[in-house]
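K.L.:
In full-length UniProt numbering, the protein residues as written are 1 to 395.
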């Protein structure tokens, strides 16, 4: 049976074993011969034997130990019944006349690859794919191009207006994917791959272009300040979420509560918009929007309705003139005069409501809004006018 011969250098302290495979030739999948020279390091005694150890990688099979007695300057041994497309490890140990051995008498283990395929230049991988893109990372994946290869090399290039810049080249990759970190947000990159065997590298594959994303931006509409919205119970709250990115690629937005509680009952989310109808006090808290591995947060504060105004100055007759802007619906007791700063506001007042013109020393009754059958009347308020409940405060 024909077999392929490979060489083993002396198993000595200064010359570790290296297995050489003839490039561009096929290896017989059943028999392989190894050869080595007489060791020059013998511990002060002649070498009486060499022990060769062959181990199949990836199995639980026992190692094969072969004892060889030196009989010439050139020593050889053939391993038979080897399996095709299998990787083995071989090491050799020299033993002197006293039976002494040790690390200095044992070679480094060497990899033997048994293959039925011609060992020529490696195949060029197909164009890789890019997934799990965030603002600083991405996963690059590719398929095995076939043929014999030992490792892959990945190249990452940043795309600039003035040309491309190679920012990283990662050799020695043994799997078909790589998680690239350390990227810049909102930046475009190319990723390409080549395969390597002992004949050298292949050409690079076609490049896969991708862009990292930026920050998730959240908002609460009118009235929101610094990613915070204060509102009143019963109001409808709308939170929006968008993603800073190079292109308007489809993105999935997901809203959640930071404390792990479910979203408020009846709330809906679509295209980054979270709608909470009839907000309640218990709906207050931090809401988090996630998209493409990045997040943004927004704080919602829901106050109980009604809320009694607490500031003002006491005037004769027991009425309170309120001189600041009221931004919430407020239930007011009868006999309270409201001095307005905002037009088109809506307030509630128990009993009928009378609008008064503000004239010094004179009270002009003006229009009267009165609904005696209702406990509350809602009216539109005008700028620079005052209103008073038509009923008097109970003493």
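For every residue, glycine included, the Cβ atom is placed at its ideal position computed from N, Cα and C.
Following the continuous beta strand (DSSP E) through residue 53, name the residue where it begins and the one where it ends.
P.N.:
Taken as a continuous stretch (DSSP letters only), the beta strand (DSSP E) holding residue 53 covers 47-56.
K.L.:
Just confirm the distance between the C-beta atoms of residue 213 and residue 135, as a whole number of angstroms; I'd bet it's less than 8 Å.
P.N.:
That belief holds up - the Cβ atoms of residue 213 and residue 135 are roughly 5 Å apart, short of 8 Å.
K.L.:
Assuming residue 398 contacts residue 205 (C-beta within less than 8 Å), just tell me the rounded distance between them.
P.N.:
Coverage of the chain is limited to positions 1 through 395, which leaves residue 398 absent and any answer about it impossible.
K.L.:
Drop a sphere of 10 angstroms on the beta-carbon of residue 241, count the other beta-carbons inside from all chains shown, and report buried for 16 or more, exposed for fewer.
P.N.:
By the neighbour-count rule (16 or more Cβ atoms within 10 Å), residue 241 is buried.
K.L.:
Please return the same chain residues whose Cβ sits closer than 6 Å to the Cβ of residue 406, not counting the five positions on each side in sequence.
P.N.:
The structure shown does not extend to residue 406, since the chain spans only 1 to 395, so no value can be given for it.
K.L.:
Ends of the beta strand (DSSP E) at residue 179?
P.N.:
177-180 is the span of the beta strand (DSSP E), which, as asked, contains residue 179.
K.L.:
For a test of the three-state rule: what should DSSP assign to residue 237, helix, strand or coil?
P.N.:
The answer is strand: DSSP assigns residue 237 an E or B state.
K.L.:
State the beta-bridge partners of residue 289 as determined by DSSP.
P.N.:
In the DSSP output, where bridge partners are listed per residue, residue 289 has 255, 296.
K.L.:
For the UniProt domain "Fibronectin type-III" (124-215), list the alpha helix (DSSP H) runs that are entirely contained and at least 4 residues long, ordered along the chain.
P.N.:
Those alpha helix (DSSP H) runs which fall completely within the UniProt domain "Fibronectin type-III" (124-215) and span 4+ residues do not exist here.
K.L.:
Confirm, please, whether the CB-CB distance from residue 281 to residue 233 is below 7 Å.
P.N.:
Their beta carbons are under 7 Å apart, which means residue 233 touches residue 281 by this criterion.
K.L.:
Taking 8 Å as the cut-off, does the segment 190-198 touch the segment 216-223 (at least 3 CB pairs, one atom from each stretch)?
P.N.:
Flag = no, the segment 216-223 and the segment 190-198 do not touch.
K.L.:
In whole angstroms, what separates the C-alpha of residue 256 from that of residue 160?
P.N.:
Each residue's Cα considered, the two are about 37 Å apart.
K.L.:
Out of 149, 148, 153, 291, which has the shortest C-alpha to C-alpha gap to residue 141?
P.N.:
Nearest of 149, 148, 153, 291 to residue 141, Cα basis: 153.
K.L.:
Have a look at 271, 258, 276, 259 and flag the residue whose alpha-carbon is nearest the alpha-carbon of residue 265.
P.N.:
Selected option, being the one with the closest Cα: 276.
K.L.:
Can you say whether residue 283 is buried or exposed, counting buried as having 16 or more other CB atoms within 10 angstroms of its CB?
P.N.:
Its Cβ being crowded by 16 or more others within 10 Å, residue 283 is buried.
K.L.:
Can you list, in chain order, the residues of its chain whose CB lies under 6 Å from that of residue 170, leaving out five sequence neighbours each side?
P.N.:
Closer than 6 Å at Cβ, skipping near neighbours: 154.
K.L.:
Excluding the 5 residues preceding and the 5 following residue 46 in the sequence, name in chain order all residues of the same chain whose CB lies nearer than 8 Å to its CB.
P.N.:
Excluding residues within five positions, the ones whose Cβ falls inside 8 Å are 96, 97.
K.L.:
What residue from 181, 120, 32 has the CA that sits closest to residue 89's CA?
P.N.:
Taking only the C-alpha atoms, the option nearest residue 89 is 32.
K.L.:
Let me know if residue 231 comes out buried or exposed under the rule of 16 or more other beta-carbons within 10 Å of its beta-carbon.
P.N.:
The residue is buried, with at least 16 neighbouring Cβ atoms inside 10 Å.
K.L.:
So is residue 162 buried or exposed if we call it buried at 16+ other beta carbons inside 10 Å?
P.N.:
Exposed is the call here.
K.L.:
Determine the closest residue to residue 291 out of 300, 271, 229, with distance taken between C-alpha atoms.
P.N.:
When each option's Cα is compared against that of residue 291, the closest is 271.
K.L.:
If we count the other Cβ atoms within 10 Å of its Cβ and call it buried at 16 or more, is residue 131 buried or exposed?
P.N.:
Residue 131 comes out exposed.
K.L.:
According to DSSP, what are the bridge partners of residue 91?
P.N.:
Per DSSP, 53.
K.L.:
Is the CB-CB distance between residue 121 and residue 145 below 7 Å?
P.N.:
No.
K.L.:
So is residue 225 buried or exposed if we call it buried at 16+ other beta carbons inside 10 Å?
P.N.:
Result: exposed.
K.L.:
Roughly how many whole angstroms lie between the Cα atoms of residue 147 and residue 183?
P.N.:
Their backbone Cα atoms lie some 32 Å apart in a straight line.
K.L.:
Cα-Cα, which of 138, 149, 133, 274 is closest to residue 123?
P.N.:
Nearest C-alpha to residue 123: 149.
K.L.:
Would DSSP call residue 244 helix, strand or coil?
P.N.:
Note: residue 244 maps to strand in three-state DSSP.
K.L.:
Do residue 172 and residue 151 count as a contact pair if the criterion is CB distance below 7 Å?
P.N.:
For residue 151 and residue 172, yes; Cβs fall inside 7 Å.
K.L.:
From what residue to what residue does the beta strand (DSSP E) around residue 230 run?
P.N.:
Looking at the DSSP string, the run of the beta strand (DSSP E) that includes residue 230 is 228-232.
K.L.:
From this set, 279, 254, 228, 258, which residue's C-alpha is nearest residue 237's C-alpha?
P.N.:
Checking every option, the nearest Cα to that of residue 237 belongs to 279.
K.L.:
Are there 16 or more other CB atoms within 10 angstroms of the CB of residue 157, so buried, or fewer, so exposed?
P.N.:
Looking at its Cβ environment, which holds 16 or more other Cβ atoms inside 10 Å, residue 157 is buried.
K.L.:
Quick check: residue 229 and residue 300, are their CB atoms within less than 7 Å of each other?
P.N.:
Yes, they are a contact pair.
K.L.:
For residue 223, is the classification buried or exposed, using 16 other Cβ atoms within 10 angstroms of its Cβ as the cut-off for buried?
P.N.:
Residue 223 comes out exposed.
K.L.:
Name the DSSP bridge partner or partners of residue 270?
P.N.:
DSSP output for residue 270 lists 273 as bridge partner(s).
K.L.:
Who are residue 281's beta bridge partners in DSSP?
P.N.:
DSSP, once it has assigned bridges, lists no residue as partnering residue 281.
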